[in-house]
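Report on the structure given below.
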Amino acid sequence: MLSMMKTVFAVISLVLLGGCAGLGVQPWERDLLAKEEMALTNAIDSSLDDHIYFSKEASSGGKSFGGGGCGCN
Amino acid sequence: MQLEDNGANKVNVKAALSLATCALLGSDSADAQEPLGQSLASPTPWSFDTAVLLYTEADRVSALEAMISANKEFDDEHFLTLKLTIDTLTGASASGAVEQPQVQTFTRPSGNGQYQIAAGTTPLDDTFHDTRVQLNGQWTQPIGKDLAASIGAHLSKEFDYLSLGLNVNVSYDFNLKNTTASAGFSHFKDTFSPIGEIPKPFASMLIGNSDDPTWDNEFADTRLIDEDDKSTTDILLGLTQVINRRMITQFNYSYSMVDGYLTDPFKVLSVLNNQGISQDFVYESRPSERTKHSLFAQSKYHFESTILDVSYRYMWDDWQIKSHTVDTRWRFNLQGSHYIEPHIRFYDQSAAEFYQPFLLHGKTQPAFASADYRIGEMNAYTLGVKYGLGLNNDEKLAFRLEYYSQQPKNSGFEQPVSLADFDLYEGVDAVILQVSYSF
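Protein chains in written order, with the numbering used here: chain A, 633 to 705; chain B, 1482 to 1920.
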């Protein structure tokens, strides 16, 4: 299961890299992407959420650094 | 109470914060003295993001967290972010011991005094009161055509915990800036000096009269050292791709190596006899290394008046924990600058190979064991909603209300008959309330 997921991810990444030239927009087509709400991360909400889930679950990071940072209980 | 001049007051708060931030940096604060934090020499003013979050579990932990982040663009695409976070934690946390048909007595982690847990109740240790202060600084700038670098520092201090960290990230834009590849590295060094010192692995919890003259020596025999540390090294590789005018995606792989004291000094395991009755409590012990990997994918799509944000993370480690996380936000733009954003998150994890809910008396002691439900089999979900609106002068206000529920599971352990009616895998429910204000 794990090796299959790794393979699938590698294939998707390669296809994306290979197809990058065909994807995307011209600079004047960035009206929607340039909006603040289209940013991939809301720094404040993410930082607060990461602290909660880091303290309560066995996983952390992925989107950004998992890090250490607290002796949370 | 003065109700007029609200706008002027807000400007003054921003100017004062700008001045204070400049003073901390030792930089020229001429721009901060301008009424709107602007001057010709520095056209981009400081901006501030603030938030207060209240996290409350039913009958367990409560945390209050306040955060302020100061952001500034100095020259073209030279960014500085400084962040201060303060939080306080109170309440009770599951000790790892199992509930019993009789009253149980435990010694506090400090060794000073005992507490009792009623029959048929999950043992919670209510000793936890802590205040944490965290400082973060991050500087980002271009280092060549299509190349940018970012460097950051982290400091977090609690009464019994110190964490220091550094991070570096480099990103490269190509394909008309539609594709960004990035590589990051971070290193944390944490030192844990718990009150009552660090217990010996599998030492029995001393139960008795803590006023007895021999108590201190006997308690010291269960302790190993006064402090220990761990280091965390993370590598993060990322690829961000614009798909079309409405869609952007991100893929990350991260590798994390944690080395050092990874045990929780406050957690214990119950040692049960064949009937399931507790004979002893022993301090837990975890391996001193953990290697984690994760794959993360996120996609955001802008419909006509809504934005859908979906992400998935798969994490696996050499403790045999595997987890899946799906996080979805859907923003609906309302009239004016108002919006509402429902949020759903699902989380599922398998148990660490050394997790066990209790030990059995007379059986061979394992090399490592922990009854901490947070590394046991579990699933969790979060349901939430955020409501936000824009105010005057680019100010933004948002409210977030979320419900978080954890359901620990039995990953195949036989439950002793006398404990058949007890819930050894009790769920945890929490409410999260957040107010954010940016100006």
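Every residue, glycine too, gets a C-beta built ideally from N, C-alpha and C.
Cross-chain neighbours of residue i in chain A, by beta carbon under 8 Å
i, result
"B:H1783", "L664, L665, K667 and M670"
"B:I1724", "L655 and G656"
"B:I1729", "L665, M670 and L672"
"B:N1927", "Because chain B spans 1482 through 1920 in this model, residue 1927 of chain B falls outside it and cannot be assessed."
"B:S1735", "G693, G694, F697 and G698"
"B:L1628", "In chain order: nothing, as chain A lies at least about 17 Å away."
"B:Q1779", "L672 and K695"
"B:S1917", "I676 and D677"
"B:T1806", "S691 and G694"
Proximity winner among the options, relative to residue i (alpha-carbon distances)
i, options, result
"B:G1618", "B:F1609, B:T1566 and B:Q1595", "B:T1566"
"B:Q1615", "B:L1643, B:G1601, B:S1792 and B:L1605", "B:L1643"
"B:R1794", "B:S1786, B:W1800, B:E1785 and B:S1804", "B:S1804"
"B:D1611", "B:Q1760, B:L1570, B:A1578 and B:T1588", "B:L1570"
"B:K1681", "B:T1537, B:Y1906 and B:E1765", "B:E1765"
"B:L1717", "B:S1663, B:T1744 and B:F1673", "B:S1663"
"B:L1705", "B:L1776, B:S1674, B:S1712 and B:P1526", "B:S1674"
"B:L1561", "B:P1590, B:P1623, B:Y1536 and B:L1905", "B:P1623"
"B:T1661", "B:V1533, B:G1594, B:Y1736 and B:T1730", "B:T1730"
"B:H1842", "B:I1632, B:G1646 and B:G1757", "B:G1757"
"B:R1812", "B:E1834, B:S1831 and B:H1783", "B:H1783"
"B:L1870", "B:I1821, B:D1556, B:F1700 and B:W1527", "B:I1821"
"B:N1698", "B:N1650, B:N1656, B:A1544 and B:N1593", "B:N1593"
"B:D1808", "B:F1777, B:Y1836 and B:Q1837", "B:F1777"
"A:T664", "B:Q1830, B:S1831 and B:E1785", "Note on identity: in this sequence residue 664 of chain A is Leu, with Thr being the wrong assignment. The residue with the shortest Cα to Cα distance from A:L664 is B:E1785."
"B:S1818", "B:T1806, B:D1875 and B:R1767", "B:D1875"
"B:D1904", "B:Y1742, B:D1910 and B:Q1896", "B:Q1896"
"B:D1707", "B:I1676, B:D1693 and B:P1694", "B:I1676"
"B:S1685", "B:D1715, B:L1535 and B:S1751", "B:S1751"
"B:I1679", "B:G1689, B:T1772, B:A1578 and B:V1763", "B:V1763"
Contacts around residue i, its chain only, beta-carbon distance under 8 Å, and the 5 residues preceding and following it disregarded
i, result
"B:M1846", "The residue asked about is misnamed: residue 1846 of chain B is Gln in this sequence, not Met. Cβ neighbours of B:Q1846 beyond the five flanking positions: F1683 and L1840."
"B:L1605", "D1540, R1541, A1573, S1574, A1575, S1576 and I1598"
"B:Y1862", "I1825, R1826, F1827, Y1828, Y1885 and S1886"
"B:T1602", "E1580"
"B:S1831", "Q1801, I1802, K1803, S1804, E1858 and S1892"
"B:M1482", "Only weak support exists for where B:M1482 lies, its pLDDT of 38 falling under 50; the value from the coordinates is given anyway. Excluding sequence neighbours, B:M1482 sits near nothing in its chain."
Contacts of residue i in chain B (Cβ-Cβ under 8 Å)
i, result
"A:S678", "Under the 8 Å cutoff, chain B gives no residues; its nearest Cβ is about 10 Å from A:S678."
Sequence-distant residues of the same chain with beta carbon closer than 7 Å to residue i, five excluded per side
i, result
"B:A1600", "Q1581, P1582, Q1583 and V1584"
"B:L1882", "G1865, V1866 and L1914"
"B:I1745", "The displayed chain sequence assigns Asp, not Ile, to residue 1745 of chain B. Counting only Cβ-Cβ distances below 7 Å, and skipping sequence neighbours, we find E1765 and D1853."
"B:L1872", "L1878"
"B:D1627", "Y1653, D1654 and F1655"
Chain-ordered neighbours of residue i on chain B, where CB pairs are closer than 7 Å
i, result
"A:F686", "By Cβ distance, chain B contributes nothing, its closest Cβ being about 10 Å from A:F686, past 7 Å."
Per-residue contacts from residue i into chain A (C-beta, under 9 Å)
i, result
"B:N1622", "A small correction: the amino acid at residue 1622 of chain B is Gln; Asn does not occupy that position in the sequence shown. Per Cβ cutoff of 9 Å: no residues; B:Q1622 is ~18 Å from chain A at best."
"B:A1850", "The contacting residues do not exist; B:A1850 stays about 16 Å from chain A at best."
"B:E1907", "Per Cβ cutoff of 9 Å: no residues; B:E1907 is ~14 Å from chain A at best."
"B:Y1828", "Y685, E689 and S691"
Sheet register partners of residue i (DSSP bridge)
i, result
"B:T1721", "B:T1661 and B:Q1731"
"B:T1562", "B:N1552 and B:Q1619"
"B:I1716", "B:F1666 and B:Y1736"
"B:A1630", "B:Q1622 and B:V1651"
"B:N1860", "B:D1829 and B:Q1888"
"B:T1537", "B:S1543 and B:V1912"
"B:G1865", "B:H1824 and B:E1883"
"B:F1747", "None; B:F1747 has no bridge partner."
Nonlocal neighbours in the same chain, by C-beta distance under 6 Å from residue i, ignoring five residues either side
i, result
"B:E1770", "D1740"
"B:Q1888", "N1860 and G1908"
"B:S1919", "D1530 and K1877"
"B:H1824", "R1810 and G1865"
"B:S1917", "A1532 and A1879"
"B:K1638", "V1614"
"A:P659", "none"
"B:I1856", "A1833 and Y1836"
"B:K1670", "L1645 and S1712"
"B:P1926", "Limits of chain B in this structure are 1482 at one end and 1920 at the other, which puts residue 1926 of chain B out of reach."
"B:L1563", "A1551 and G1618"
"B:L1900", "G1757"
Contact set between residue i and chain A, taken where Cβ atoms lie within less than 7 Å
i, result
"B:D1532", "The question names Asp, yet the displayed sequence has Ala at residue 1532 of chain B. Within chain A, the residues near B:A1532 are I676 and L680."
"B:N1648", "F697"
"B:R1855", "K688, E689 and A690"
"B:I1679", "In chain order: nothing, as chain A lies at least about 12 Å away."
"B:Y1536", "I684"
"B:E1834", "What B:E1834 touches in chain A: nothing, since even the nearest Cβ is about 12 Å away."
### Message
To test your reading of the DSSP string, which unbroken alpha helix (DSSP H) runs of 4 or more residues are found completely within the segment 1819 to 1854 of chain B?
### Response
none
### Query
Which full runs of the beta strand (DSSP E) of 3+ residues lie inside the segment 1681 to 1708 of chain B, going along the chain?
1704 to 1706
### Runs of alpha helix (DSSP H) lying entirely within the segment 662 to 702 of chain A, each at least 4 residues, in chain order
675 to 688
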